[in-house]
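Everything on this sheet refers to the single structure shown next.
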Amino acid sequence: MKKVLAVTLFYLSFPFLAKAQEMNKFGAGEIHGNFQMMAQNYLVDSTIGAKEVSEKIRMNSFANLNYINGNFKAGMRYESYEKALLGFDPRYNGSDITYRYATYTNDDLEFTIGNYYEQFGSGLIFRSYEERGLGIDNAMDGIRVKYKPTAGVYLKSVIGKQRFYFAKGEGIVRGLDAEFNLNEILSTFLPEFNPEKARYTYILGGSMVGKYQADNDPIRILPENVAAFAGRFNFISDKFNFYTEYAYKINDPSLTNGFIYKKGEALFVSANYSIKGFSLSASAKRVDNMDFRSDRNADVNNLTMSFLPAISKQHTYALPAFYPYATQPLGEIGEQFELSYNFKKGSMLGGKYGTLFTVNFSNANNLDTTQTGNEQGYTAAFFTKGDILLYSDLNFEVVKKISPKLKTTYTYMYQVFNKDKVQNVSGYGTVFAHIAVFEMQYKINSKKTFRAELQSMRTKQDFGDWAVALAEYTVSPHWFFAALDQYNYGNAIVEKRAHYYSGSFGYTKNATRFIVGYGKQREGFLCVGGVCRLIPASYGLSLSISSTF
Amino acid sequence: MKAKKITLLFLFICALLSVNAQNKIPAVNVKTIDGATFNTANMVNDGKPIIIDFWATWCKPCVQELTAIADLYEDWQKVTGVKIYAVSIDDARNSARVKPFVNTRGWEYEILLDPNADLKRALNVGDIPHTFLINGKGEIIYQHAGYAPGDENELYEKLLGCINPEVK
């Protein structure tokens with residue numbers, strides 16, 4: 002009760018704070034926010050496997066409200082899933098305020114109470130983030146302090162618990178991060194040195210994260226405190242960029258690693274060189290027993306602290322994205338290369354309007370491990386790869402503008418996808434696929450544009466061959482109309498050679514959008530950023546509304 | 120618990136009543152393409168307009184929009200003095216790709232990195248692309264979600280309108 006009272010008094014004081022600020026000539030505050038809803042009606046279709054949904058209609062929606070007044074910010078989010086759309090975890094069913102915070106910034110000090118999102122370095126040992134469309138939200142609830150003691154030194158500390166659907170995870174997360182921009186630090190000693198004009202920039206960083214969770218296991222002795230450490234270095238010049246980060250975690254027996262007591266580690270290295278019209282980049286990653294969560298019993302996308310996205314190229318067309326790779330946090334080693342060249346206007350290959358050419362290759366294998374037969378689980382060689390290929394893709398893309406009105410894109414990709422290992426299933430084996438995509442965009446006039454995509458995937462495995470056709474007509478600035486058909490013509494089971502057709506149209510005015518769709522959605526992975534979610538097959542009418550104010 | 124939530128709602132109703140219409144860019148730390156920490160309170164352009172465009176390397180319509188504007192940017196700058204901040208929300212998977220991506224295409228925008236979506240959240244952006252137009256006084260006067268070819272013309276009209284209020 003005391004807690005409720007204290008919280009009540011605290012929140013009640015906001016409007017008065019706001020009024021005080023107003024009198025101090027900071028001006029009145031501002032309220033902004035956004036609203037989004039997605040409703041879907043579900044019909045049955047046995048060919049595509051769309052099952053009956055007893056509610057017939059389901060809806061996900063949320064609204065954010067943010068209040069800003071000078072150095073003070075506060076806000077909240079209300080979420081409602083009545084009930085959650087298919088593909089979302091049923092633990093989301095319900096409605097509540099899931100996010101609320103207050104932040105005060107005073108020159109170089111900033112503190113936040115309540116919920117917040119934060120990331121240390123590239124997120125190897127700590128990233129709290131949201132991907133609303135995927136139902137991922139591991140927001141922290143607690144305290145965060147950021148402090149800049151002197152130029153070039155950035156400190157962050159966090160403490161709290163992570164969101165778990167409409168509740169909080171059991172583990173307490175504590176973390177510290179320090180980043181040093183050596184150029185900015187140097188400028189405090191050498192006033193004539195301007196960090197913005199320096200030829201080279203050096204940035205160092207380090208972080209420490211710990212979680213506490215009581216050991217209630219009747220048999221095992223589990224570490225109640227698990228610590229992880231990470232260090233990073235970034236070198237930047239006009240043309241060259243080098244980044245590396247290494248993370249280490251002490252023993253952390255968990256559901257996902259099978260309760261082994263091995264330490265974990267991760268190494269990420271990336272380098273690129275680019276000048277106007279040309280770039281070359283390479284990256285490599287090694288992950289070993291690095292699934293780090295604030296609850297040792299959590300699985301899927303729940304309560305994650307480590308963020309370990311795949312390094313392969315993120316494909317956007319439907320068929321190249323059909324088999325998306327996801328990092329195997331328990332162990333993988335891989336690399337990625339990309340070369341991109343823009344043939345100048347007027348050159349032989351550039352033609353009248355230039356041609357953009359990109360080739361990309363990526364690869365991921367398991368680790369070279371030896372089972373130890375004890376509580377350590379296994380040992381892994383650091384530099385050698387295991388002999389199981391998890392994923393590989395080689396792709397070429399050419400973007401060619403033919404005239405001011407007509408633009409074309411050609412893509413070819415060869416992909417190897419170890420479905421059993423990546424999706425943790427059995428009996429599917431590895432998929433080998435050839436994929437080609439042709440896209441054309443024709444500008445009818447300054448407002449009207451027609452765009453079409455033709456895609457083909459040839460494979461003998463899994464669902465077999467697919468073809469996709471898309472036509473889209475847009476009228477700027479308000480309207481779009483689209484029709485899509487995905488045809489599984491090569492399915493080994495003849496009855497499953499289905500057409501997944503759909504149509505949609507939308508209206509946009511400023512920052513408000515309405516989209517209405519009707520049709521069949523195939524079962525598949527929906528990916529945003531580096532994370533994917535399995536969407537079951539569905540058939541029906543959908544409506545989405547989003548607005549920012 | 121219930122009491123806490125009701126008071127929260129009450130707070131926002133109170134705050135709503137005392138709000139005025141000005142509309143500034145919130146101060147949030149992001150990174151420049153050269154790794155430096157950049158506070159968005161420092162988004163200034165000598166009293167001339169600013170455009171903020173949220174994008175990502177994997178977002179097709181975003182790349183379409185920035186490619187279309189890239190061809191016009193020099194002219195827009197000559198006429199209006201506008202400065203464009205292209206804020207990439209690519210996370211750790213792709214953030215190292217941003218600089219080569221931009222250089223290959225020869226984009227001349229000010230590129231900012233917002234890998235954990237802090238600025239995106241502060242400006243209440245949902246799906247990308249999302250574009251903001253800020254006048255010389257630092258006020259957001261127009262925003263647009265999504266992109267269809269030709270939308271850049273509407274943006275340019277609004278841009279002209281904000282440097283010379285008599286032109287619509």
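In order, the protein sequences belong to chains A and B.
Letter by letter, the first sequence follows residues 2 to 550 in our numbering.
Letter by letter, the second sequence follows residues 120 to 287 in our numbering.
For glycine and all other residues, C-beta sits at the position ideal for the given N, C-alpha and C.
Values in this document were obtained by computation on a predicted structure and should not be read as measured data.
| task | Pick out whichever of A:Phe167, A:Ile144, A:Val360 and A:Gly122 has its Cα sitting closest to the Cα of Tyr155 (chain A). | result | A:Gly122
Between Phe27 (chain A) and chain B, is the shortest Cβ-Cβ distance under 8 Å, so that the two count as touching?
Because the pLDDT at Phe27 (chain A) is just 45, under 50, the model does not fix this residue reliably, and the point stays unresolved.
Q.
Can you pull the chain A neighbours of Glu273 (chain B), defined as C-beta to C-beta under 8 Å?
A. Ser477 and Pro478
Selection of the region 159-172 of chain A by Cβ proximity to chain D, strictly under 7 Å = Going by chain labels, chain D is absent from the structure shown, which instead holds the protein chains A and B.
Look at the alpha carbon of Gln22 (chain A) and the alpha carbon of Ala103 (chain A), and state the distance between them as a whole number of angstroms.
Unreliable placement is indicated for Gln22 (chain A), whose pLDDT of 40 sits below 50; the coordinate value is still reported in the next sentence. Distance between the alpha carbons of Gln22 (chain A) and Ala103 (chain A) is about 15 Å.
task = Kindly indicate if chain A contains any beta-carbon less than 8 Å away from that of Tyr192 (chain B).
result = no
Same chain, Cβ closer than 6 Å to Leu44 (chain A), neighbours up to 5 away in sequence not counted:
Tyr540 and Gly541
Practice task
Using a Cβ cut-off of 7 Å, pull out every chain A residue sitting near Val201 (chain B), in sequence order please.
Solution key: Going along chain A, no residue has its Cβ under 7 Å from Val201 (chain B), so there is no contact; the nearest lies around 19 Å.
My output table needs one value for Ile389 (chain A): the three-state DSSP class, helix, strand or coil. strand
| request: Within its chain, find whatever has a CB closer than 6 Å to the CB of Phe17 (chain A); leave out the 5 residues flanking it on each side and keep chain order. | output: Per-residue confidence for Phe17 (chain A) stands at a pLDDT of 46, beneath the threshold of 50, marking its modelled position as unreliable; the derived number appears in the next sentence. Excluding residues within five positions, none has a Cβ falling inside 6 Å.
- prompt: Closer than 7 Å, Cβ to any Cβ of chain B: which residues of the region 371-387 of chain A, in chain order?
  reply: none
**Prompt:** Should Phe241 (chain A) be labelled buried (16 or more other beta-carbon atoms within 10 Å of its own) or exposed?
**Reply:** exposed
Segment contact flag, the region 171-178 of chain B with the region 203-218 of chain B, C-beta cutoff 8 Å, min 3 pairs:
yes
_Is the separation between the beta-carbon of Gly170 (chain A) and that of Phe127 (chain A) shorter than 8 Å?_
no
For the beta strand (DSSP E) containing Leu256 (chain A), name the first residue and the last one.
First-last for Leu256 (chain A): undefined, no H or E at that position.
Quiz prompt | Beta-carbon neighbours of Ala215 (chain B), restricted to chain A and to distances below 8 Å | solution = Asn242, Tyr244, Ser271, Asn273, Ser282 and Ser284
In or out: Pro219 (chain A) buried (at least 16 other Cβ within 10 Å) or exposed?
exposed
Legend entry - Runs of alpha helix (DSSP H) lying entirely within the region 194-260 of chain B, each at least 4 residues, in chain order: 217-224 and 237-241
* Asked: Looking at the structure shown, is Val45 (chain A) part of a helix, part of a strand, or coil, going by DSSP?
  -> coil
- What is the rounded straight-line gap between the Cα of Thr156 (chain B) and the Cα of Leu87 (chain A)? 40 Å
According to the neighbour-count rule (16 or more other Cβ atoms, all chains shown, within 10 Å of its Cβ), is Ala51 (chain A) buried or exposed?
buried
Check your understanding: Does the beta carbon of Val244 (chain B) sit closer than 8 Å to a beta carbon anywhere in chain A?
Key -> yes
Q. Is Val217 (chain B) closer than 8 Å to Leu238 (chain B) when the C-beta atoms are compared?
A. no
(message) Need the endpoints of the alpha helix (DSSP H) that Gly280 (chain B) sits in, please.
(response) Asp270 to Ile282
| query | Any idea what DSSP makes of Lys167 (chain B), helix, strand or coil? | reply | coil
query = Quick one, which of A:Tyr392, A:Val270 and A:Asp388 has its alpha-carbon nearest Asp369 (chain A)'s?
reply = A:Asp388
Pairs of beta-carbons, one from the region 145-152 of chain A and one from the region 106-113 of chain A, closer than 8 Å: are there three or more?
yes
Let me confirm a value: Asn195 (chain A) is counted as buried when at least 16 other C-beta atoms fall within 10 Å, else exposed. Which label applies? exposed
Does Glu261 (chain B) get closer than 8 Å to chain A when you measure Cβ to Cβ?
-> Per the sequence shown, the amino acid found at residue 261 (chain B) is Tyr instead of Glu. By this cut-off, Tyr261 (chain B) is an interface position.
- Taking 7 Å as the cut-off, is the CB of Lys353 (chain A) close to at least one heavy atom of the ligand ADP? Only the bare structure without any ligand can be found here, which leaves the ligand ADP out of the picture.
- Item | For Glu229 (chain B) and Val147 (chain B), the rounded distance between their alpha carbons | 16 Å
Coil, strand or helix - Lys3 (chain A) by DSSP:
Since pLDDT at Lys3 (chain A) reaches only 49, below the 50 mark, its modelled position is unreliable, and the value read off the structure follows with that caveat. Of the three classes helix, strand and coil, the one that applies to Lys3 (chain A) here is helix, per DSSP.
What does Asn235 (chain A) reach in chain B if we use C-beta pairs closer than 9 Å? Gly154
Exercise for review: Note down, in chain order, each residue of its chain lying with its Cβ closer than 7 Å to the Cβ of Asn283 (chain B), except the 5 sequence neighbours on either side.
Suggested key: none
Practice task
Taking only runs that begin and end inside the region 304-352 of chain A, name each unbroken beta strand (DSSP E) of 3 or more residues, in chain order.
Solution key: 332-344
Check your understanding: Anyone know if the C-beta pair for Ile204 (chain A) and Asn226 (chain A) falls short of 8 Å?
Key -> no
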